[in-house]
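Taking it in order: structure first as C-alpha cells, then the write-up.
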Amino acid sequence: MKKATLFAATAALLGTIWVSGATVFAEADTFPITVTDDFGNEVTLEKAPESIVSLAPVNTEILFALGAGDSVTGRTDYCNYPEEAADVDSIGTYTEPNMELILSKSPDLVVASSYIDDSIRQQLEENGTAIFVTNANDLESTENDIEALGKLIGHEADAEEVVKNMEDQLTDLNKELENVETEKSAFIDLGSLYSAGPDSLLDNSLKLIKVTNVAADADSAWPQLSAEAVVEANPDVYISLYPTLEDVKATAGLSDLACLNEDGGFIYIDGSSVEGDMIQRSGPRYVEGLKALAEMVYPEIAENAETEEAE
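Numbering of the sequence shown is given in this note's numbering, commencing with residue 1266 and proceeding in unit increments.
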C-alpha cells in the first residue's frame, strides 16, 4: 500500500488522494467526493449519505464496522452480522433484491457485490443512485474496500482504525504461525467437489496461513475437481464447508483417501456458521477467520498460544 514519496507529494498538490488503489478526487473529509470501486467505476457523492442500502453481507459488516450502521436502511436476507443488522429492513437476496423496496429507502448509496444483476444496476443508475461494487479476493483488496468506502461515506478515521486492527491481528497470527514446523496441503470442498482455485479468496487465505492449496493450479477460481484428482493430490487435510464426513466418504473414489481416516485430517466447517461466515467474507472479520482456519489446520499453534498465555 505504500506509495512513492514523490507520487504522494504530486497527488497532494493536485488535490487527488489515492486510497488503497481507489482514486479519490477531493480534499480529505470533504464533499463532493469521488472514488473508484473494484470494477473501475467512478462513484461520486455530493454529501455524506443518509440512506445506504447494502446488497451483500460483507458490505453490511463493513458499513457497521465503520460506524455507519445508523445510515444503513436496507440489507439482504443473509446479512446476519452484526446483531444490529437484524433491525434493518430486508430488501431480499443479493442475487434477487426487491427493486421497489430498495427505491422506497431513497438510498444515497447502494453498496453491492459482483453478484449484482445488470438489470438491477441499470435501474439504480437510471434512478440516479450511486453504486459502489466490491469484489475483494485477498487481504489487501479487502482493506482497500474498507478504506475506499470509509473515504466515500465520510468515515475515513474509522476505516483506518478497522484496517489497523486487522493488521495487528495478522501480526499476532503470524507469530503463532512461526511455530508451524511442517506445512500442510489441503483440499477445500465447497460441495460436489467444487473447490477454491487460483486467486479466489480462500486460495489466498490458505497462502496466508502456510497451507498449500491442491487446487491452486486449476483453470478457474472455482473449479470442480474429480475424485481421482483429489486422491492423486493426497492432501494432508480435507476442509469441507458443506458436505459432512459421511457425505464425503460416500462419494465414489474418496473413501480410501488417507486424510479422511486420520485424526484431524477432516475439517468440517458449517458454511453458515460464525466461522464459515468469517472465512468466506472479505470484511472486517477476515483475519479472525484466518486465525480460526489456521488453528483448525494446525491445532498445535492454538495449544502453544494457550501455554504462553498461562505462563
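Yeah, the Cβ is synthetic: ideal placement off N, Cα and C, and Gly gets one too.
- Message: Less than 8 Å between the C-beta atoms of residue 1562 and residue 1429, yes or no?
- Response: no
- Message: Taking the alpha-carbon of residue 1483 as reference, which of 1471, 1468, 1462 has the nearest alpha-carbon?
- Response: 1462
- Query: How far does the alpha helix (DSSP H) with residue 1448 in it reach, from first residue to last?
  - Reply: Where residue 1448 is concerned, there is no enclosing alpha helix (DSSP H), given that its DSSP letter is neither H nor E.
- So which of 1538, 1336, 1365, 1383 has the shortest CA-CA distance to residue 1373? 1336
- Given residue 1386 as reference, the closest of 1346, 1363, 1405, 1403 once Cα atoms are compared: 1363
- Query: Thinking C-beta only, is residue 1517 closer than 8 Å to residue 1492?
  - Reply: yes
- Query: With C-beta atoms as the reference, is residue 1481 less than 8 Å away from residue 1499?
  - Reply: no
- Query: Would the beta-carbon of residue 1312 fall within 8 Å of that of residue 1329?
  - Reply: no
- Beta-carbon proximity check, residue 1310 vs residue 1423, cutoff 8 Å: no
- Item | Buried versus exposed, by CB contacts within 10 Å (16 or more), residue 1550 | buried
- Message: Between which two residues does the beta strand (DSSP E) holding residue 1339 run?
- Response: 1337-1339
- Thinking residue 1566 and residue 1444 are a contact (beta carbons under 8 Å), I'd like their distance in whole angstroms, please. 5 Å
- What is the DSSP secondary structure of residue 1362, reduced to helix, strand or coil? strand
- Given residue 1223, which residues of its chain have a CB within under 6 Å of its CB, disregarding the five upstream and five downstream residues? The structure shown does not extend to residue 1223, since the chain is modelled only from 1266 through 1576, so no value can be given for it.
- Would you mind giving the Cβ-Cβ distance between residue 1465 and residue 1486, rounded to the nearest angstrom? I have them listed as a contact below 8 Å. 4 Å
- Query: Based on the DSSP output, what are the partners of residue 1478 in its beta bridges?
  - Reply: 1451
- Task: Please list, in chain order, all residues of the same chain as residue 1456 whose beta carbon is under 8 Å from its beta carbon, the five residues on each side excluded.
- Result: 1506, 1507, 1508
- Item | residue 1541 - DSSP class collapsed to helix/strand/coil | helix
- Task: Kindly list the residues whose CB is nearer than 6 Å to the CB of residue 1343, restricted to its own chain and excluding five residues on each side of it in sequence; keep chain order.
- Result: 1322
- Message: I want to check one thing, is the minimum distance from the CB of residue 1301 to the heavy atoms of the ligand GTP below 7 Å?
- Response: Ligands are entirely absent from the displayed structure, and the ligand GTP is therefore not among its contents.
- Item | CA-to-CA distance, residue 1447 to residue 1316, given in whole angstroms | 50 Å
- Can you give me the start and stop residues for the alpha helix (DSSP H) that residue 1243 sits inside? This structure cannot settle anything about residue 1243, because the visible part of the chain is limited to 1266 through 1576.
- In terms of residues, what are the limits of the alpha helix (DSSP H) holding residue 1505? Careful: residue 1505 lies outside any alpha helix (DSSP H), inside the beta strand (DSSP E) at 1502-1505.
- Are residue 1398 and residue 1302 close, meaning C-beta to C-beta below 8 Å? yes
- Query: In angstroms, rounded to a whole number, what distance separates the CA positions of residue 1497 and residue 1490?
  - Reply: 11 Å
- Message: At 3 residues or longer, what runs of the beta strand (DSSP E) sit wholly inside the segment 1298-1382?
- Response: 1298-1301, 1307-1310, 1317-1319, 1337-1339, 1374-1378
- Looking at the unbroken beta strand (DSSP E) that takes in residue 1395, where does it start and where does it end? 1395-1399
- Message: Using a Cβ-Cβ cutoff of less than 7 Å, which residues in the same chain neighbour residue 1555 once the five nearest sequence positions on both sides are dropped?
- Response: 1438, 1470, 1473, 1474
- Item | Candidates 1304, 1308, 1557, of which the one nearest residue 1434 by Cα | 1557
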